[in-house]
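Colleague: Next up is a structure, given as C-alpha cells.
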Amino acid sequence: MEPPLSNHFSSLADQANNQPETFTLKPIDVISIGHERKYRKKRKLVVDEQKAIASETMKMQLSDTSDIITTLDLAPPTKKLMHWKETGGVEKLTIFPGRTILSKKLFKVH
Numbered sequence: 104m105e106p107p108l109s110n111h112f113s114s115l116a117d118q119a120n121n122q123p124e125t126f127t128l129k130p131i132d133v134i135s136i137g138h139e140r141k142y143r144k145k146r147k148l149v150v151d152e153q154k155a156i157a158s159e160t161m162k163m164q165l166s167d168t169s170d171i172i173t174t175l176d177l178a179p180p181t182k183k184l185m186h187w188k189e190t191g192g193v194e195k196l197t198i199f200p201g202r203t204i205l206s207k208k209l210f211k212v213h
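As C-alpha cells, then:
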C-alpha cells in the first residue's frame with residue numbers, strides 16, 4: 104500500500120530544504136575555442152612635402168576673404184513662411200496678374 108500524498112509532498116519539501124541550491128556547469132574546453140586575431144591592414148604613411156606656408160601666400164589668403172564672407176540664406180522656420188517667401192515677392196505679383204492681392208496698401212498701389 105502507498106503512503107498518503109501529503110506525506111510524499113512533505114518528504115520532497117524536506118529533501119529540497121536540506122540540499123543547498125547550487126548550479127554546476129560543465130568545464131569549458133579552452134583549446135576548442137579558437138581565438139582568431141583580426142589583423143589590421145597596414146596603411147601607407149603619407150607625409151606632406153610642403154611643411155610650411157609661404158608668407159606671400161598667407162598674406163594673399165588673409166587679404167582676400169570673399170570666399171568665406173557671404174550672406175547666409177536660411178529657409179524660414181515654417182512651411183507657410185517658406186511658401187510666402189517663394190510666392191510673395193514683387194516679381195511674382197507681376198507674373199500672376201489674376202491673383203488676388205491681400206494687402207490693402209498694395210491693392211491701392213496696384
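Whatever position you read off the sequence shown (first residue = 1), add 103 for the working numbering.
We put the CB at the ideal spot given by N, CA and C, even for glycine.
1. With distance defined between alpha-carbon atoms, name the residue in S206, L148, L165 nearest to I156.
2. Counting along the chain, where does the alpha helix (DSSP H) carrying Q153 start and finish?
3. In this structure, how does DSSP classify K145 when only helix, strand and coil are distinguished?
4. Does DSSP put S169 in a helix, a strand or coil?
5. Any heavy atom of the ligand NAD closer than 7 Å to the Cβ of F210?
6. Smallest Cα separation from V193: which of E159, T160, L209, K183?
7. Quick one: give me the first and last residue of the alpha helix (DSSP H) that F210 is part of.
8. E124 by DSSP, collapsed to three states: which one?
9. Hey, could you find the ends of the alpha helix (DSSP H) K183 is sitting in?
Modeller: With the given structure in hand:
1. The count along the sequence shown starts at 1 and reaches residue 156 at position 53. The shortest Cα separation from I156 among S206, L148, L165 belongs to L165.
2. Numbered from its first residue, the sequence shown carries residue 153 at position 50. Where Q153 is concerned, there is no enclosing alpha helix (DSSP H), given that its DSSP letter is neither H nor E.
3. Taking the sequence shown and counting its residues from 1, one reaches residue 145 at position 42. If DSSP states are grouped into helix, strand and coil, K145 belongs with coil.
4. Along the sequence shown, one-based indexing puts residue 169 at 66. Of the three classes helix, strand and coil, the one that applies to S169 here is coil, per DSSP.
5. By its list of ligands, the structure shown contains no ligand whatsoever, and the ligand NAD lies outside what it can speak to.
6. Taking the first residue of the sequence shown as position 1, residue 193 is located at position 90. Closest by alpha carbon: L209.
7. As a working mapping, residue 210 is identified with position 107 in the sequence shown. Counting along the chain, the alpha helix (DSSP H) containing F210 begins and ends at 207-212.
8. On the sequence shown, residue 124 is found 21 positions in, with the first residue counted as 1. Looking at E124 - three-state DSSP - the assignment turns out to be coil, as it is neither helix nor strand.
9. Start at 1 with the first residue of the sequence shown, and residue 183 comes out as number 80. For K183, the enclosing alpha helix (DSSP H) begins and ends at 182-190.
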